[in-house]
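My numbering numbers the first residue of the sequence shown as 7 and each following residue consecutively. In this text, a Cβ means the ideal position worked out from N, Cα and C, and glycines have one as well. What follows is a single structure, written as structure tokens, with notes after it.
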Amino acid sequence: MVQPIGMFDSGFGGLTVARAVIDLLPAEDLVYIGDTGRYPYGNKPATEVQRYAHEIATSLVNDFDVKLIVVACNTAASVALDQLKATLPVPVVSVIEPGARALVQATRNRRAGVIGTVGTIDSGAYDKAVAEVDPAVGLVSAACPGLVEFVERGQTTGTEVRVLTERLLAPVSSAGVDTLLLGCTHYPYLARVIGDVMGPDVVLVSSADETAFAVRALLAKSGLAESSDRVGEHRFYSSGDPAWFAHLGSRLFGPELTDAQSWSA
Ligand code: DGL
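In structure tokens:
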């Protein structure tokens, strides 16, 4: 009996991480829960996000028998990771430490930026994670309320997105950073606009690939990796409208996401 990897986000954003995990680990089964019925997390009190994260993670363990959980949401990870690690019977991987590592590796002038939701930026999780990897890297942060909502509506280009992005990125684009971490898993879907606003000299970093490497290392270390001669199955669940999740999800994620089912706490 193959145990899947469990993964969750407030909505579609974590699919950027799911894509990287599926591509790197094609033999693994995956169960993804998008909490689209209760998104966005970024403007909610930490206690509420902690409760949602606990409910979803517990369901992944009890209802889907997952062997490992990937918190593919920076906002949830920034306030709930320690609690999840302490209470769950399976290993938990977050996107924050892998993202911080990738950022530190990419910056050349040691001046880097991170953008995320209000919850993530206010938590200080990235200041802490980057300082742990390399205290000499100066980090400039900016919260970007509103960007997640564009992605959830499927609006990833156009004047409205561009104008808001320009306004929100002003603190990091004027700070002389050479690298910008997309500290929200929804933002890779806006990478063209963000990259255009930041200009060609700024490298954009997403935590998706580095997180997938972390998952691979953990599975190998704990003897939980599936043998490479099988093809993994991928199941997608939404706490909102599963038809919308399948519709927009297949556009954002690709052909493996043809169907989504309903999930509730
Ligand atoms: N993808 C979530 C993150 O990485 C988005 C949060 C939200 O729902 O506001 O933070």
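Looking at residue j and residue i, is the spacing between their C-beta atoms short of 9 Å?
i: V157; j: Y132; result: no
i: L174; j: C150; result: yes
i: L210; j: F18; result: no
i: A176; j: R117; result: no
i: V199; j: P46; result: no
Would you check whether ligand 3 has a heavy atom nearer than 8 Å to the C-beta of residue i?
i: G255; result: Looking for ligand 3 in the displayed structure turns up nothing; the ligands present are ligand 1.
In terms of alpha-carbon separation, which member of the options lies closest to residue i?
i: Y38; options: L66, G130 and A220; result: L66
i: T53; options: S268, D202 and S129; result: S129
i: V77; options: K91, N68, I127 and L174; result: K91
i: Q9; options: F70, L174 and F259; result: F70
i: L31; options: L224, T113 and W250; result: L224
i: C190; options: G122, R57, Q111 and P104; result: G122
i: E138; options: G260, A108 and P97; result: A108
i: A249; options: E239, Q267, V72 and G229; result: Q267
i: P51; options: A86, R25 and D29; result: A86
i: S84; options: Q111, P97, G48 and K73; result: G48
i: V110; options: D202, P141 and S16; result: P141
i: M7; options: P95, A226 and S233; result: S233
i: I127; options: G20, P95, C79 and R25; result: C79
i: Y243; options: G40, G205 and G229; result: G40
i: H192; options: G152, L94, A226 and K134; result: G152
i: S16; options: F251, S256 and D265; result: F251
Since residue i and residue j are thought to touch, with beta carbons under 8 Å apart, how far apart are those beta carbons, to the nearest angstrom?
i: V101; j: S179; result: 23 Å between Cβ atoms; not a contact.
i: G246; j: T64; result: Contact doesn't hold; Cβ gap of about 20 Å is too wide.
i: G125; j: V55; result: 6 Å
i: L36; j: I75; result: About 11 Å; that fails the 8 Å criterion.
i: V167; j: Q161; result: 6 Å
i: V272; j: V72; result: Nothing about residue 272 can be read from this structure; the chain reaches only from 7 to 271.
i: V203; j: E172; result: 5 Å
i: A59; j: A82; result: 4 Å
Report the three-state DSSP secondary structure of residue i (helix, strand or coil).
i: Y45; result: coil
i: F251; result: helix
i: F18; result: coil
i: L230; result: coil
i: H60; result: helix
i: S147; result: strand
i: M13; result: strand
i: G125; result: helix
i: A181; result: coil
i: Q272; result: An answer regarding residue 272 cannot be provided, because it is not within the stretch 7 to 271 covered by the chain.
i: S84; result: helix
i: R241; result: strand
i: S100; result: strand
i: V208; result: coil
i: R25; result: helix
i: V67; result: helix
i: P76; result: The question names Pro, but residue 76 is Val in the sequence shown. If DSSP states are grouped into helix, strand and coil, V76 belongs with the strands.
i: G40; result: strand
i: G105; result: helix
i: V120; result: strand
i: L174; result: helix
i: L31; result: coil
i: L94; result: coil
Take residue i and list the residues in its own chain whose beta-carbon comes closer than 7 Å to its own, dropping the five residues that flank it on each side.
i: R236; result: A33
i: R114; result: D184
i: V96; result: V67, V72, K73, L74 and I75
i: E239; result: D35
For residue i, I'd like the list of residues in its chain whose CB is within less than 6 Å of its CB, leaving aside the five on either flank, ordered along the chain.
i: V136; result: A106, V143 and L145
i: A271; result: E61
i: G119; result: V146, V178, V183 and L186
i: T217; result: V23, V101 and P104
i: W269; result: I39, Y243 and S245
i: A231; result: L225
i: D215; result: A26
For residue i, which residues in the same chain have their Cβ closer than 8 Å to its Cβ, ignoring the five residues on either side in sequence?
i: D29; result: A218
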